[in-house]
Amino acid sequence: TVVDRSEKALELAATLGAHHTVLATSDAEVESRVMEITGGGAHVVFDFVGESGAELLAPKLLRGRGSHYVIGYGGTVSLPTIDIISREINVIGNLVGTYTDLVELMTLTAQGRVTLHTAVYPLDAALDAIADLEAGRLIGRGILVP
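Residue numbering for the sequence shown follows my numbering, beginning at 137 and increasing consecutively.
Here's what the structure looks like:
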């Protein structure tokens with residue numbers, strides 16, 4: 137299940153194999169849909185945003201004993217300890233995975249088995265790249281080149 141504010145990003149996720157997509161129109165709607173789709177909460181939430189409320193919503197989407205992987209950064213994760221203990225949830229920071237994961241990813245990419253979704257911008261168009269990112273027009277990653 138993929139949650140995003142961008143319909144284009146959800147379309148991409150579906151073409152890449154996501155079984156369910158949820159347009160993030162409101163936290164309450166996202167929470168309701170995820171609970172319905174997962175039958176009571178996700179086992180794992182990968183938070184690639186880490187701010188703008190995503191870091192607050194992610195733990196609410198977990199079932200008991202679920203794990204919240206914080207990958208994006210910029211916000212603050214704040215959970216009452218009673219919620220962590222009573223629900224037995226895990227909060228795990230993750231920058232790039234393990235070295236073994238990175239080697240495997242590089243191998244799969246070299247074999248052409250990973251499709252990168254990127255937009256290349258010349259360095260002097262950095263402001264255009266930022267505007268595209270903020271407006272939700274950038275799907276995947278933006279790359280600035282000199």
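Beta carbons are placed, not taken as given, at the ideal position from N, Cα and C, and that holds for glycine.
Please name the residue in the options whose C-alpha comes closest to that of residue i.
i, options, result
"P216", "Y209, I225, G210", "I225"
"L198", "G208, D260, D219", "D219"
"A261", "P282, V250, Q247, G248", "P282"
"L193", "G153, D237, Y235, T161", "T161"
"T254", "D268, M242, L244, I275", "I275"
"E191", "R201, G176, I207", "I207"
"H155", "S142, E165, I173", "I173"
"R223", "G176, V185, V239", "G176"
"S203", "N230, D268, D237, E270", "N230"
"T251", "T157, R141, L148, A164", "L148"
"S165", "V239, V139, D237, G233", "Checking the sequence, you will find Glu at residue 165 rather than Ser. Of the listed residues, the one whose Cα sits closest to E165 is V139."
Kindly identify the DSSP beta-bridge partner or partners of residue i.
i, result
"F182", "Y205"
"T217", "Bridge partners of T217: none, in fact."
Quick check on residue i: does DSSP put it in helix, strand or coil?
i, result
"I225", "coil"
"I173", "helix"
"V232", "coil"
"L263", "helix"
"L192", "helix"
Measuring straight from C-alpha to C-alpha, what distance separates residue i and residue j?
i, j, result
"R150", "P258", "Rather than Arg, the amino acid found at residue 150 in this sequence is Ala. If I take the Cα positions, the gap works out to 30 Å."
"G272", "K144", "9 Å"
"M171", "A178", "7 Å"
"Y209", "V181", "15 Å"
"I266", "L280", "11 Å"
"R201", "D264", "42 Å"
"R249", "G153", "14 Å"
"T137", "L241", "22 Å"
"E167", "K196", "7 Å"
"R277", "V185", "13 Å"
"I228", "Q247", "30 Å"
Starting from residue i, follow the beta strand (DSSP E) in both directions and report where the run begins and ends.
i, result
"M279", "A small correction: the amino acid at residue 279 is Ile; Met does not occupy that position in the sequence shown. Per DSSP, I279 belongs to the beta strand (DSSP E) from 277-281."
Since residue i is in the alpha helix (DSSP H), which residue starts that stretch and which ends it?
i, result
"T212", "Here T212 belongs to no alpha helix (DSSP H), and DSSP marks it neither H nor E."
"A255", "A255 -> not in any alpha helix (DSSP H); beta strand (DSSP E) instead, spanning 254-258."
"L152", "Looking at the DSSP string, L152 is not in any alpha helix (DSSP H), and its letter there is neither H nor E."
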